[in-house]
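*Asks:* Right, I'll just put the structure down here and ask away after.
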């Protein structure tokens, strides 16, 4: 058995940006691991990385395309061609160009997140931080506020056996939810890759001291799917307070 924190969230029109999208700001169907872990760090006021495992599942009603202002930096300032200017680290001015771009947004998002901190002493700190956050909670962009649907709950997870727990699988509380299922949790030859989307989801990064850019140090390869029938490893069942969820984590 494992003790975990279960968090239920709602959002109206978030964007979980894919890092490789530029002209069109595309969105993942659910927030990636790094976004959820970053939100938890903000809620708790952590100033250094605290390792944890998270399971992310949920749904959205539809997706829309919106317009947003786009600002471009990094070119030497020229008053005849730039909208504005900003001082760079070298003491010179970079020009600012302003334009528009399309943003992919998801409507009426529901999320259920399970969290297991790596260190036992972090459990109560995270639970308290999510109950009384030190900063406002957002997932995606800074303006993508979340609504916490009920207080975070402490739940017990029991190991799931796909051969013995057919009844549990058939009685899941939210069969219309999709989930990120790490590839390593599935049977090797189950045909899932033929009909599910595989994402390489960011989880942990470090800041390059020279460039000040993020460098990803941990990536999780995961299926985005609503078919959990072939989950065989690192899976747990959560049936606390009458609700039943299947929960999947990446390996330690």
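Numbering (our numbering), first residue to last: 1 to 252. Glycine included, C-beta positions come from ideal geometry on N, C-alpha and C.
From the DSSP output, in three-state form, read off residue 80 for me.
*Replies:* Coil, per DSSP.
*Asks:* Ordered along the chain, which non-local residues of its own chain (more than five positions away) have a Cβ less than 8 Å from that of residue 144?
*Replies:* 11, 13, 14, 15 and 138
*Asks:* Within 10 angstroms of the Cβ of residue 6, are there 16 or more other Cβ atoms? Answer buried if so, exposed if not.
*Replies:* So residue 6 ends up on the buried side.
*Asks:* Between which two residues does the beta strand (DSSP E) harbouring residue 232 extend?
*Replies:* Boundaries for residue 232: no beta strand (DSSP E) harbours it, and the DSSP string shows neither H nor E there.
*Asks:* What three-state label does DSSP hand residue 211 in the structure shown?
*Replies:* coil
*Asks:* So, for residue 176: in the same chain, excluding its five sequence neighbours on each side, which residues have a beta-carbon less than 8 Å away from its beta-carbon?
*Replies:* 59 and 226
*Asks:* Any idea if residue 100 is buried or exposed, counting beta-carbon neighbours within 10 angstroms, 16 or more meaning buried?
*Replies:* exposed
*Asks:* Give me the Cβ distance between residue 157 and residue 238, rounded to the nearest whole Å; I'm assuming they're in contact under 8 Å.
*Replies:* At roughly 5 Å, the Cβ-Cβ gap stays under 8 Å, so residue 157 and residue 238 are in contact.
*Asks:* Please name the residue, chosen from 28, 193 and 199, that lies closest to residue 222 on a Cα-to-Cα basis.
*Replies:* 199
*Asks:* Short of 8 Å in beta carbon distance, which residues of its chain neighbour residue 243, apart from the five on each side in sequence? Order them along the chain.
*Replies:* 173
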